[in-house]
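In our numbering, the protein residues as written are -6 to 366.
C-beta: ideal position from N, C-alpha, C; glycine also.
First up is the structure itself, then whatever we jot down about it.
In structure tokens form, the structure reads like this:
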């Protein structure tokens, strides 16, 4: 795929390109550097032409539930009921609402975790119980957490940070534990379109009574600023609870966000296939080159997402905050591992949704800075 020039990327003016000075290569926040997908550009242009800047369309005028269900069916082999799909502003809001209105008791959060999930339990007025974020999770540790009274588990699939995925057997085992303890599994599937090999498995497909699923087009098509995610219920009781909530709790989805999400799910699949192929190439190149250029580095090769967790503890870089050091000395910005919570020491998260040229420059800068230690 072609990528915009660096000057064009900086002109976007988004968080990725304004957080640091121009001499820093930004490989931190989960924004991608691909050209905007043509269906997204066309949908926005059409909405602007129609001056579509008012409140969101009435539910019966929206195609989003049907298109979300169709996308899930084609991409993952599970078709949720469109009548059980509702727009919300973003995935984090969906997780918060699920905790507040569908669960009781403490919240289990695997750590290291996506930063907002470290705070969402407290925001909901709940205790957070940490468990180790290892591939597949540790069932004994989960059992102990549920036994302590946890009423929910935040399950990010594919996982962030780390990029590993869950298979159907492990998802069923996790949901069985939750069911046994009367708890819920809140599933974040925002990175599900970006699985490199095989097919993403939806936890709710076999466990509709336990799961509440939340997704969005924002990561796969880079449209997070338009504020539209999808809350997917898989049983009628949850739908009744949702419909009984105040609009104050549920409002905030953007009109253009709905328009663009519909375009992504309906017309954006060719772009997605090309994107995944490019990301796979970037991932494979990094997995090969990083250990060659940076002795001792541990590369956690992701099965999905464009986010790679790097462990520097066995390199010459001894600090437990490598991203901070590298931003200063290599002029490359990554997310600090410790920002994801316990287990993030000595680690940094690298966003590889960028051009091969930028990746090469970033790797050279990192390797040279560490070599000079």
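Three-state secondary structure (DSSP) of residue 79: Counting from 1 along the chain shown, the entry for residue 79 is found at position 86. The answer is strand: DSSP assigns residue 79 an E or B state.
Residues near residue -3 by beta carbon distance below 8 Å, same chain, minus five either side: For the purposes of this step, residue -3 is taken as residue 4 along the chain shown, with counting starting at 1. Closer than 8 Å at the Cβ level, and outside the excluded window around residue -3, lie 26 and 28.
Sub-8 Å separation of residue 189 and residue 147 beta-carbons: Counted from its first residue, the chain shown places residue 189 at position 196. Counted from its first residue, the chain shown places residue 147 at position 154. No, the pair does not count as a contact, with Cβ atoms beyond the cut-off.
Environment of residue 140 [buried if 16+ CB atoms lie within 10 Å]: In the chain shown, residue 140 corresponds to position 147, counting from 1. The residue is exposed, with fewer than 16 neighbouring Cβ atoms inside 10 Å.
Contact under 8 Å by Cβ, residue 199 with residue 298: Mapped onto the chain shown, residue 199 falls at position 206. Mapped onto the chain shown, residue 298 falls at position 305. No.
Pick from 352, 262 and 325 that is closest to residue 274, judged by C-alpha positions: As a working mapping, residue 274 is identified with position 281 in the chain shown. With distances taken between Cα atoms, residue 274 lies closest to 352.
Per DSSP, cross-strand counterpart(s) of residue 204: Along the chain shown, one-based indexing puts residue 204 at 211. According to DSSP, residue 204 bridges with 178.
Buried versus exposed call for residue 227 [16 or more other C-beta atoms within 10 Å across all chains shown]: Taking the first residue of the chain shown as position 1, residue 227 is located at position 234. Label assigned to residue 227: buried.
Buried or exposed by the 16-neighbour rule on C-beta atoms within 10 Å, applied to residue 348: One-based indexing of the chain shown puts residue 348 at position 355. Classification for residue 348: buried.
Per DSSP, the bridge partner or partners of residue 145: Position 152 of the chain shown, counted from the first residue, corresponds to residue 145. Per DSSP, 100 and 177.
Whether residue 108 touches residue 332 by CB criterion (8 Å): Here residue 108 corresponds to residue number 115 of the chain shown, with the count starting at 1. Here residue 332 corresponds to residue number 339 of the chain shown, with the count starting at 1. Against a cut-off of 8 Å, the Cβ pair of residue 332 and residue 108 comes out as a contact.
Closer than 8 Å to chain C by CB, residue 146: Checking the listed chains, one finds no chain C in this structure; it contains a single protein chain.
Nearest neighbour of residue 214, chosen from 161, 162, 60 and 34 [CA to CA]: Residue numbering aside, residue 214 sits at position 221 when the chain shown is read from its first letter. Looking only at 161, 162, 60 and 34, the smallest Cα-Cα distance to residue 214 is reached by 34.
Sequence-distant residues of the same chain with beta carbon closer than 6 Å to residue 252, five excluded per side: Counting from one through the chain shown, the residue named residue 252 turns up at place 259. Taken in chain order, the residues that qualify are 36 and 40.
Burial state of residue 16 (16 or more Cβ within 10 Å): Taking the chain shown and counting its residues from 1, the one referred to as residue 16 is at position 23. By the 10 Å Cβ count, residue 16 comes out exposed.
Rounded straight-line distance, which links the Cα of residue 236 to that of residue 102: Indexing the chain shown from 1 puts residue 102 at position 109. Indexing the chain shown from 1 puts residue 236 at position 243. Their backbone Cα atoms lie some 27 Å apart in a straight line.
Cutoff 7 Å; reference residue 288; Cβ partners in own chain excluding five residues on either side: If you number the chain shown from 1, residue 288 lands on position 295. Around residue 288: 308.
Three-pair Cβ contact test at 8 Å for the stretch 230 to 250 versus the stretch 85 to 95: Yes: at least three Cβ pairs fall under 8 Å.
Helix, strand or coil at residue -3 [DSSP, three-state]: Taking the first residue of the chain shown as 1, we reach residue -3 at position 4. In the structure shown, the three-state DSSP call for residue -3 is coil.
Residue 223, buried or exposed, once every other Cβ within 10 Å from all chains shown has been counted against 16: Your numbering for residue 223 matches position 230 in the chain shown. Per the 10 Å Cβ criterion, buried.
Sheet register partners of residue 223 (DSSP bridge): Looking up residue 223 in the chain shown gives position 230. Beta-bridge pairing links residue 223 to 80 and 208.
Buried versus exposed call for residue 156 [16 or more other C-beta atoms within 10 Å across all chains shown]: Taking the chain shown and counting its residues from 1, the one referred to as residue 156 is at position 163. Label assigned to residue 156: buried.
Inter-residue spacing [alpha-carbon to alpha-carbon] between residue 4 and residue 10: As a position in the chain shown, residue 4 is number 11, starting the count at 1. As a position in the chain shown, residue 10 is number 17, starting the count at 1. Whole-angstrom Cα-Cα distance: 8 Å.
Residue of 43, 296, 218 and 266 minimising C-alpha distance to residue 277: As a first step, residue 277 must be located in the chain shown, where it is residue number 284. That would be 296, whose Cα lies nearest to the Cα of residue 277.
Whether residue 342 touches residue 327 by CB criterion (8 Å): For the purposes of this step, residue 342 is taken as the residue at position 349 of the chain shown. For the purposes of this step, residue 327 is taken as the residue at position 334 of the chain shown. The answer is yes: Cβ separation under 8 Å.
DSSP three-state assignment for residue 188, whether helix, strand or coil: Locating residue 188 in the chain shown gives position 195, counting from the first residue. Three-state DSSP puts residue 188 in a strand.
Beta-carbon proximity check, residue 122 vs residue 106, cutoff 8 Å: Locating residue 122 in the chain shown gives position 129, counting from the first residue. Locating residue 106 in the chain shown gives position 113, counting from the first residue. No, the Cβ-Cβ distance between residue 122 and residue 106 is not below 8 Å.
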